[in-house]
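What follows is a set of notes on a single structure, which appears directly below.
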Amino acid sequence: MARILLVDDDRELLDVLAMALSDAGHAIDTARDGREADRRLAEGNAELVVCDVNLPGIDGFTLVKRWRDRGVTTPILLLTSRDSEIDEALGLELGADDYMTKPMRVRVLLARIAALLRREQRRAESEPGAVLVAGHVSLDRERLELRYRGTLVTTTLSELRLIEAMVERPGIVLSRARLLEHVRGDDSVVDDRLIDTYVRRMRRKLEAIEPAFDRIETVTGAGYRWRA
7 MARILLVDDD RELLDVLAMA LSDAGHAIDT ARDGREADRR LAEGNAELVV CDVNLPGIDG
67 FTLVKRWRDR GVTTPILLLT SRDSEIDEAL GLELGADDYM TKPMRVRVLL ARIAALLRRE
127 QRRAESEPGA VLVAGHVSLD RERLELRYRG TLVTTTLSEL RLIEAMVERP GIVLSRARLL
187 EHVRGDDSVV DDRLIDTYVR RMRRKLEAIE PAFDRIETVT GAGYRWRA
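Numbering (the working numbering), first residue to last: 7 to 234.
So this is what it looks like as structure tokens:
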């Protein structure tokens with residue numbers, strides 16, 4: 007199965023989740039604070055991170071931002087006891103791939119993890135070395151790198167897949183549901199409005215390179231398209 011880094015300062019919950027994931031066939035590394043989590047991810051070979059937001063030392067939001075800024079593309083699932091749309095949006099905007107509110111059902115957590123891992127496997131099985139080039143965009147599917155006007159853009163895997171879906175079909179309006187299927191696969195169990203968050207993040211990143219960037223067009227009531 008997969009090696010998973012599990013991060014939570016609640017020892018009892020950490021033990022319960024570690025046992026459930028181990029029983030599901032995964033190899034588990036654990037950490038109880040942000041600094042230990044940062045060190046373990048740097049030293050290990052985790053294929054997925056399950057991380058609580060409210061951690062001592064370095065909180066989960068800060069960890070996600072730090073890892074994405076470093077270019078870490080490992081899928082991250084955030085856990086939090088704060089049932090807030092603002093917190094959920096923030097976690098996703100910083101680069102988390104999924105977000106769950108405590109208390110959560112272990113069975114649902116396992117399903118979310120399985121979905122993220124299947125998505126990663128499909129991505130890894132994509133054509134080696136395939137590079138998508140369209141106008142000022144260059145997207146390397148093997149290296150998981152996006153460049154715009156020659157500048158490397160730091161993205162999450164979900165953001166990369168979003169751009170891939172639109173650039174492959176310039177001028178075509180893609181619904182949120184269709185984009186979500188491309189970004190997260192058929193296993194998605196989240197609201198397709200998550201696409202709005204990904205679009206907002208990518209616009210901001212590309213505007214940092216080209217202030218007048220307007221390639222991602224919103225089509226009211228229909229979805230989004232990449233201007234040809």
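Even for Gly, the Cβ is constructed at its ideal location relative to N, Cα and C.
When secondary structure is reduced to three states using DSSP, Gly229 falls in the strand class.
For His32, the CB contacts under 6 Å within the same chain, skipping 5 residues up- and downstream, are Met7, Ala8 and Ile10 in chain order. Ile201 sits close to Leu185, with the two beta carbons spaced by under 7 Å.
Under a 10 Å Cβ-count criterion, Ser87 is classified as exposed, with fewer than 16 other Cβ atoms of the shown protein chains found around its own Cβ. In this chain, the beta strand (DSSP E) harbouring Arg153 covers Glu151 to Tyr154.
Residue environment analysis places Ala121 among the buried positions, since at least 16 neighbouring C-beta atoms fall within 10 angstroms of its C-beta. According to DSSP, residue pairing for Met106 in a beta bridge involves Leu85.
Under the three-state reduction of DSSP output, Arg9 falls in the strand class. No residue range can be given for Ile215, since it is assigned to no beta strand (DSSP E) and is classified by DSSP as neither H nor E. Among the bridge pairs identified by DSSP, Val137 is matched with Asp146. Within 10 angstroms of the beta-carbon of Glu94 lie 16 or more other beta-carbons, which makes it buried. CA-CA distance, Asp198 to Leu115, rounds to 19 Å.
It is roughly 17 Å from the alpha-carbon of Leu152 to the alpha-carbon of Pro81. In this structure, the straight-line span from the alpha carbon of Ile178 to that of Met25 is close to 46 Å.
The straight-line gap separating the alpha-carbon atoms of Leu100 and Leu23 is approximately 24 Å. Less than 7 Å divides the Cβ of Asp58 from the Cβ of Val13.
Within the segment 14-56, the complete beta strand (DSSP E) segments at least 3 residues long are 33-37, listed from N- to C-terminus. In terms of Cα proximity to Gly156, the closest of His142, Glu174, Glu187 and Trp232 is His142. For Thr68, the enclosing alpha helix (DSSP H) has its first and last residue at Gly66 to Asp75. DSSP places Glu223 in the strand class (E or B) of the three-state scheme.
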